[in-house]
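Numbering (this note's numbering), first residue to last: 39 to 288.
No residue lacks a Cβ here, since even glycine has one placed at the ideal position from N, Cα and C.
Predicted model only: the values in this text are computed from it and were never measured.
In structure tokens:
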């Protein structure tokens, strides 16, 4: 499942970005112009460490020839929910194209988290291509390229075409903090995943997903002990263990 919003042809509980939070820029993205790239896809994931709900991958494509900065955007973890909601439509309009792909808890259990990230990213990537935009290069947050390596397609619940991400992928640690395209991708992914978790909260209100978004808070784990896992939990994970700190990425 994924969504995409091409830009018009015409013109959780996060931490508020304080005065010391340096705004991400397009400086690093523009270094790829020398390699002949025009369209760069910034990519980031959200929900990787949650106990319940999907893992989601956002893509925001920028035009390295013409793109202007968008003020106010930060890594989604540095923004309050209200700030993210305000920025999300601005990011959608600012981007040449944008998409969010998801992999469900069931798919995470079946594939493992890395393959599920690739599945979610592939879904978003194919939606970008379907919108008529073909990025020349990808900038991915982190140090590991989980997006482009060939997956064992027989493991997927549904086929993933070979026309997944074929563009060169460059990783950068803290790209979500420093690179505007990646920060923008984190915002749209976070907003869309949070909306899904609020919808799931209506089915299972005892888990507090409207607030914790599936992460390992004490309320969430207390409900797990009392009621057991739901179909939206990653049952292959150590759901009641203490290895995940509460409050991450809320």
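Three or more Cβ pairs drawn from the stretch 87–94 and the stretch 250–257 lie within less than 8 Å of each other, which places the two stretches in contact. The Cβ atoms of residue 226 and residue 136 lie closer than 7 Å to each other. Non-local C-beta neighbours of residue 183 in its own chain, meaning closer than 7 Å and more than five positions away in sequence, comprise 207, 209, ordered along the chain.
From the listed residues 71, 107, 149, 138, the smallest Cα separation to residue 98 is found for 138.
When secondary structure is reduced to three states using DSSP, residue 96 falls in the strand class. Residue pairing by DSSP places residue 256 opposite no residue, since no beta bridge is assigned to it. Taken through DSSP and simplified to helix, strand or coil, residue 109 comes out as coil. Taking the Cα positions, residue 245 is about 33 Å away from residue 164. Looking only at 260, 257, 241, 178, the smallest Cα-Cα distance to residue 269 is reached by 241. Of all C-beta pairs linking the stretch 64–81 to the stretch 161–179, three or more are shorter than 8 Å, placing the two stretches in contact. Nearest to residue 216 by C-alpha distance, out of 107, 150, 169, is 107. Of 202, 157, 243, 63, the smallest CA-CA separation from residue 95 is found for 157. One alpha carbon belongs to residue 149, the other to residue 128, and they sit about 34 Å apart.
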